[in-house]
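Numbering (my numbering), first residue to last: 118 to 300. Note that CB positions come from ideal geometry on N, CA and C, so glycine has one too.
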Amino acid sequence: MPSWNDGESSKASYLPDLTDMDYAPDTVDDTGFCGIALDCPEHFMNCGFNSWLDPEWPETLKNALATLWEKYHRINFLRIDERIENAKLVKDFTDEKIKIEKKYSSLVGDVNKFMDDTEIKIQKDNYANIMGNAEDQKGEVEALKDEVENLKEAQKIQAMMMRNCEVKWGDEMEFLKKENKKT
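The structure is reproduced here in structure tokens:
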């Protein structure tokens, strides 16, 4: 909601010039300033004593402010202690993370070495089996070739028998169809 009336605007010409205002005295000896009395014979009898012109605060207010300041400082100290504890925890966790990463990389290296050694061993065993069993396998191959030839012959015989059966059954089917038509 704007803070000006209808017809007005917030242009700089309507705003007060803050440089014209006096917020502080020009000098400490300025008698027009009502903050601290310094060497002012008009106002005080003891001109060598500097004091506030405001009356002294009551004891309850002083105690309340002292208590507030004490709480403020205690909270700040607790906050600082908490930050220090958190920093120590972060450092401990970071150190533990670094140790775990080193251990993990060591384990990965050990596993990779084990896998490589196992692969090499398996390759050597397979090569030895292939080369050593080549002689044994020649005899097995010959036996398997003979068995394949026997199976091929048996298959040919079965095929001829099936053809003969099909022809025989075909003739019987035609005979039965003719018989069915007669009846």
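Here the alpha carbon of Glu-218 sits roughly 27 Å from the alpha carbon of Glu-236. DSSP places Trp-174 outside any alpha helix (DSSP H), giving it a letter other than H or E. In the displayed model, Leu-170 falls within coil according to three-state DSSP, outside both helix and strand.
Straight across, the Cα-Cα distance linking Gln-272 with Gln-240 is about 41 Å.
Annotation for Met-278: no residue places its beta carbon closer than 6 Å to its own, counting only its chain and skipping 5 residues before and after.
Cβ neighbours of Glu-266 within its own chain (closer than 7 Å, five residues either side excluded): none.
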